[in-house]
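Residues in the sequence shown are numbered from 1 upward in steps of one, following full-length UniProt numbering.
C-beta: ideal position from N, C-alpha, C; glycine also.
Every value quoted in this text rests on a predicted model; they were computed, and no experiment measured them.
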Amino acid sequence: MSEQNAVVPHAPCARPSSASRRRLLRLALAWPAATLPLFWQSPAAEAANSGTEWSADPEAARAAKLLKEIGSAYWIQEGAGPRIVYIFFDPNCPFSHKLYLATRAEVGKGGLQLRWIPVGQLEASSPGKAAAILAAPDPLKAFHKNEDDWNFGDSPAGGIRPLAHPSARVLHQLQTNAALMRQANLHTFPVMLYRTANGRAHLIVGLLPEDAIATVLRSAS
């Protein structure tokens, strides 16, 4: 996909049972960071293991495959530069929102570019909110409204008003993003995808502690 298309530890956001869904959204923002998410290795540990054949690692292979396919995604770009981190998010996921807050100081620093890929599936209003972001005249402004007006909108969580009748083009964009996650067997949010200087591809499923998020962003190449 060309540039013009630019439009967990916690347990990551997954679609819970209907009985627990609202409770998750009410409580998640108050949960402290506690455990490391899936598929993350600290830079020090990675350096210690740099002599191993990581290409045989199924998680590294999955990350590398997704990076090869990610060009078909539709994203919202923040910052500019050659160091790119892709982030799959749901507009109503509280952990995606916490990740957004944790990235504010790093956006654009040292050539860091974040590409936020909306996928609406957590809540009934999620598809409409994701569509509203992609369909907006200024998708970045719409994305910021969703995050900066968190819990101040017409429905809980993301602050943007859902788009009731998305165009066929926007529906295609959302379906493409969702298919990329599904084909990679990813069903929770947020997901960070990036490559480090040694060429290794990484997937992080879930929310890291804030200091670890900064470490990850600075390690992206």
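Kindly list the residues whose CB is nearer than 7 angstroms to the CB of Leu217, restricted to its own chain and excluding five residues on each side of it in sequence; keep chain order. Val85, Thr103, Glu106 and Leu112
Beta-bridge partners of Ala220, as assigned by DSSP: Thr196
CA-to-CA distance, Ala64 to Ala73, given in whole angstroms: 15 angstroms
Is the beta carbon of Trp116 sitting closer than 8 angstroms to the one on Phe95? no
I'd like the ranges of any beta strand (DSSP E) spanning at least 3 consecutive residues and lying wholly in the UniProt domain "Thioredoxin-like fold" (78 to 217). 83 to 89, 112 to 118, 191 to 195 and 201 to 205
Return the first residue and the last residue of the alpha helix (DSSP H) that Pro12 is part of. That residue, Pro12, is in no alpha helix (DSSP H); it is neither H nor E in DSSP.
Those residues which DSSP pairs with Ile76 across a bridge: Trp116
Return the residue from the list Gly71, Asp90 and Tyr100 that minimises the CA-CA distance to Ala214. Tyr100
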